[in-house]
DNA sequence: TAAATTATTGACCAATTGATCAAAAAATAC
DNA sequence: GTATTTTTTGATCAATTGGTCAATAATTTA
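Chains as they are written, first to last, in this note's numbering: chain A, 256 to 450; chain B, 256 to 450.
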């Protein structure tokens, strides 16, 4: 068996494919678009990824991983957990508009676009969203234990609210392009929960 | 010139097409899917609508019209404007899940799916969303004049917030299926603005 | 009823879709 | 350095795509 000599390339390829899928969606991206973007001929392409759906699956995980990295980074640069989460929200909603192919969350775009015909991709997206919600709810509990959040706050409920806001605000930005309105609404998210 | 003998049928056709587009999206719906759903052969189909994009455009307006009708209906059945808007939110987010083809807003699905390649459809969807926001902001002003809302509330800002919540909550419902969480969050929307 | 107009039909078209495969090239093993 | 395995290549496939069109059928006008 040959050693996997193309490991780095595979990550690059998945990353390029992710960006294209994020921009144009599953049905809007043809396998030829993808093959051209990643500079692979059909044989290599299908040998490496099996099918368009499998590559999309990997692209979803690539997207989610990057999103989680941004959360970690925001947390480590912030003086408190709550400020870290708020910095993350600001970063993902407003701070990358010129660097990414869409204002909207790729997972949200996926559950919006796809139906039962791609049930696995929908389920995968839902699961990744739920994972982020759980992650945030854990962080909020830590923040609460550190005295950043009022004691009566239910952190699971607040995490749900954060995800709803993220979904709503990113969609609203795509719809209206109104950064200052979105900025105001981000500031309100934790306003009644903070100490 | 022949009389338009098929006026009623055309509305029925647009309505069926709207439901199919709403469920499967623009790229996910083929012209054959549409032709079968509305029982028209290609010639009649293209004579009536010109192109897939034009029919989608009509479908967007059909969707928006129905949404506005639901708002009017909610208002007329409610004892106050604010309660009418809240009833509308409840109705559109939770009250139709078994009667419509998707939990999510068709306009949101459209701006999520499409790119500059269908710029007109994106612009149309954005405009219809903005129209609803303006409508709600006017209603809130009426409610404020009637003493239902605190005087210091900015009704344009609150209308923005309502649209963000609608986008977020409908997407969250699609993602999580958690009706009770959504129900709780709807109740919170006006909680700090009411008198 | 006859002529003129409009609507419907289904065959058809060129382009694109996701995917396969045998041959050629490159890399590894011996 | 040769033999074996793996990768890459580009032609190709069947199916589907959005859309056209001449022939037929149904209406309307007169």
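Built from N, CA and C at the ideal position, the CB exists for glycine as well.
_Looking at residue 272(A): is its Cβ nearer than 8 Å to the Cβ of residue 310(A)?_
Counting from 1 along the first chain, the entry for residue 272(A) is found at position 17. Counting from 1 along the first chain, the entry for residue 310(A) is found at position 55. Yes.
*asked:* Whole angstroms are fine: how far does the CA of residue 370(B) sit from the CA of residue 434(A)?
replied: For this step, residue 434(A) is matched to residue 179 along the first chain. For this step, residue 370(B) is matched to residue 115 along the second chain. About 20 Å.
*asked:* Within a Cβ cutoff of 8 Å, which residues of the same chain sit near residue 260(A), ignoring the five residues on either side of it in sequence?
replied: Here residue 260(A) refers to the residue found at position 5 when the first chain is read from its first residue. Model confidence at residue 260(A) stands at a pLDDT of 45, short of 50, so the residue's coordinates are unreliable; what they give is reported in the following sentence. Closer than 8 Å at the Cβ level, and outside the excluded window around residue 260(A), lies no residue.
_Do residue 346(A) and residue 339(A) have their beta-carbon atoms positioned less than 8 Å apart in this structure?_
Locating residue 339(A) in the first chain gives position 84, counting from the first residue. Locating residue 346(A) in the first chain gives position 91, counting from the first residue. No.
*Output yes if chain A places a C-beta closer than 8 Å to the C-beta of residue 402(B); else output no.*
Here residue 402(B) refers to the residue found at position 147 of the second chain. So no, residue 402(B) is outside the interface.
_CB of residue 395(B) within 8 Å of CB of residue 404(B), strictly_ = Counting from 1 along the second chain, the entry for residue 395(B) is found at position 140. Counting from 1 along the second chain, the entry for residue 404(B) is found at position 149. Yes, Cβ-Cβ distance for residue 395(B) and residue 404(B) is below 8 Å.
_Assigned secondary structure, residue 261(B) (DSSP; H/G/I helix, E/B strand, else coil)_ = Walking along the second chain from the start, residue 261(B) turns up at place 6. In this predicted model, residue 261(B) has a pLDDT of only 44, less than 50, meaning its place in the structure is not dependable; the value taken from the coordinates is given anyway. If DSSP states are grouped into helix, strand and coil, residue 261(B) belongs with coil.
*Element boundaries [alpha helix (DSSP H), containing residue 406(A)]*: Here residue 406(A) refers to the residue found at position 151 of the first chain. Segment: none, residue 406(A) is in no alpha helix (DSSP H) and carries neither H nor E.
*Presumed contact (8 Å Cβ cut-off) between residue 270(B) and residue 317(B), rounded CB distance*: To locate residue 270(B), count along the second chain from 1; it is residue 15. To locate residue 317(B), count along the second chain from 1; it is residue 62. Contact annotation, residue 270(B) with residue 317(B): C-beta distance approximately 6 Å; criterion of less than 8 Å satisfied.
_Assuming residue 359(B) and residue 296(B) are in contact, meaning their beta carbons sit under 8 Å apart, how far apart are those beta carbons, in whole angstroms?_
Locating residue 359(B) in the second chain gives position 104, where the first residue counts as 1. Locating residue 296(B) in the second chain gives position 41, where the first residue counts as 1. 32 Å between Cβ atoms; not a contact.
_So, with DSSP's three-state summary, where would you put residue 307(B)?_
The count along the second chain starts at 1 and reaches residue 307(B) at position 52. In this structure, residue 307(B) counts as helix in the three-state DSSP scheme.
*At least one CB of chain A closer than 8 Å to the CB of residue 261(B): is that the case?*
Your numbering for residue 261(B) matches position 6 in the second chain. Confidence in residue 261(B) is poor, its pLDDT being 44 and thus under 50, which makes the residue's placement unreliable; the coordinate value appears in the next sentence. It does not: the Cβ of residue 261(B) has no partner Cβ on chain A nearer than 8 Å.
*What did DSSP end up calling residue 386(A) once you bin it into helix, strand or coil?*
Indexing the first chain from 1 puts residue 386(A) at position 131. Here DSSP, grouped into helix, strand and coil, assigns residue 386(A) to helix.
*Note down the Cα distance separating residue 280(B) from residue 363(B), rounded to an integer number of angstroms.*
Taking the first residue of the second chain as position 1, residue 280(B) is located at position 25. Taking the first residue of the second chain as position 1, residue 363(B) is located at position 108. Cα to Cα, the separation comes out at about 11 Å.
*Between 439(B), 442(B), 415(B), which lies nearest to residue 437(A) when the distance is taken from Cα to Cα?*
In the first chain, counting from the first residue as 1, residue 437(A) sits at position 182. When only C-alpha atoms are compared, the closest one is 415(B).
*Would you grab the beta carbon distance between residue 441(B) and residue 344(B) for me? Rounded to a whole angstrom, and I think it's under 8 Å.*
Walking along the second chain from the start, residue 441(B) turns up at place 186. Walking along the second chain from the start, residue 344(B) turns up at place 89. Residue 441(B) to residue 344(B), Cβ: 6 Å. Contact.
_Output needed for residue 379(A): all residues of its chain with C-beta closer than 7 Å, excluding positions within five of it in sequence on either side, in chain order._
The count along the first chain starts at 1 and reaches residue 379(A) at position 124. These residues qualify, in order along the chain: 312, 315.
*asked:* Please tell me whether residue 426(A) and residue 426(B) are closer than 8 Å, where the distance is taken between their beta carbons.
replied: The residue given as residue 426(A) occupies position 171 in the first chain. The residue given as residue 426(B) occupies position 171 in the second chain. Yes. Within cutoff.
*Per DSSP, cross-strand counterpart(s) of residue 449(B)*: The residue labelled residue 449(B) in the question sits at position 194 within the second chain. DSSP, once it has assigned bridges, lists 404(B) as partnering residue 449(B).
*Within 7 Å of chain B by C-beta, residues of the stretch 259-292 of chain A in sequence order*: 278, 279, 280, 282, 283
*Would you please verify whether the beta carbon of residue 413(A) is less than 8 Å from any beta carbon of chain B?*
Translated into the one-based positions of the first chain, residue 413(A) becomes position 158. No, no contact with chain B.
_Could you tell me the alpha carbon to alpha carbon distance between residue 355(A) and residue 268(A), rounded to whole angstroms?_
On the first chain, position 100 is the one that residue 355(A) refers to. On the first chain, position 13 is the one that residue 268(A) refers to. Roughly 16 Å separates the two Cα atoms.
*asked:* Taking the alpha helix (DSSP H) that residue 361(A) belongs to, which residues open and close that run?
replied: For the purposes of this step, residue 361(A) is taken as residue 106 along the first chain, with counting starting at 1. Element bounds for residue 361(A): 361-368.
*If we call anything under 8 Å between Cβ atoms a contact, is residue 443(A) one with residue 376(A)?*
By 1-based counting over the first chain, the position of residue 443(A) is 188. By 1-based counting over the first chain, the position of residue 376(A) is 121. Cβ distance not < 8 Å, so residue 443(A) and residue 376(A) don't count as in contact.
*Tell me whether residue 393(A) is buried or exposed, calling it buried when 16 or more other Cβ atoms sit within 10 Å of its Cβ.*
Locating residue 393(A) in the first chain gives position 138, counting from the first residue. By the 10 Å Cβ count, residue 393(A) comes out exposed.
_At the level of alpha carbons, what is the spacing between residue 357(B) and residue 278(B)?_
The sequence position of residue 357(B) within the second chain is 102, counting from 1. The sequence position of residue 278(B) within the second chain is 23, counting from 1. Taking the straight line from one Cα to the other gives about 6 Å.
*Nearest candidate by alpha-carbon position, reference residue 449(B), set 298(B), 418(B), 402(B), 417(B)*: Sequence index remark: in the second chain, residue 449(B) carries index 194 (1-based). The option with the nearest alpha carbon to residue 449(B) is 402(B).
*What do you reckon, are the CB atoms on residue 423(B) and residue 351(A) nearer than 8 Å?*
Numbered from 1 along the second chain, position 168 holds the residue referred to as residue 423(B). Numbered from 1 along the first chain, position 96 holds the residue referred to as residue 351(A). The answer is no: Cβ separation not under 8 Å.
*Neighbourhood of residue 288(B) by C-beta, 8 Å cutoff - its chain only, sequence neighbours within 5 removed*: As a working note, residue 288(B) is residue 33 in the second chain. So the qualifying residues of the chain are 275, 279.
_Strictly under 8 Å for the Cβ-Cβ distance: is residue 429(B) near chain A by that measure?_
Taking the first residue of the second chain as position 1, residue 429(B) is located at position 174. Yes, contact with chain A.
*Are residue 445(A) and residue 341(A) closer than 8 Å when you measure CB to CB?*
Reading the first chain from its first residue, position 190 is the one you call residue 445(A). Reading the first chain from its first residue, position 86 is the one you call residue 341(A). Result yes, Cβ atoms of residue 445(A) and residue 341(A) sit closer than 8 Å.
*Whole angstroms is fine: what's the gap from residue 266(A)'s alpha carbon to residue 372(B)'s?*
Position 11 of the first chain, counting from 1, holds the residue named residue 266(A). Position 117 of the second chain, counting from 1, holds the residue named residue 372(B). So the alpha carbons of these two residues sit roughly 28 Å apart.
*asked:* Please classify residue 291(B) as buried or exposed, where buried requires at least 16 neighbouring CB atoms within 10 angstroms.
replied: Sequence index remark: in the second chain, residue 291(B) carries index 36 (1-based). Looking at its Cβ environment, which holds fewer than 16 other Cβ atoms inside 10 Å, residue 291(B) is exposed.
*Between residue 257(A) and residue 306(A), what straight-line distance do the alpha-carbon atoms span, to the nearest angstrom?*
Within the first chain, the letter at position 2 stands for residue 257(A). Within the first chain, the letter at position 51 stands for residue 306(A). At residue 257(A) the pLDDT is 38, less than 50, meaning the model places this residue with poor confidence and gives no usable figure here.
*For chain B, find out if any of its Cβ atoms is closer than 8 Å to the Cβ of residue 376(A); answer yes or no.*
Residue numbering aside, residue 376(A) sits at position 121 when the first chain is read from its first letter. Interface residue (Cβ-Cβ distance to chain B less than 8 Å): residue 376(A) is not classified as such.
_When you compare the CB of residue 328(A) with every CB in chain B, is at least one pair closer than 8 Å?_
By one-based count along the first chain, residue 328(A) stands at place 73. Judged by the 8 Å Cβ criterion, residue 328(A) is not in contact with chain B.
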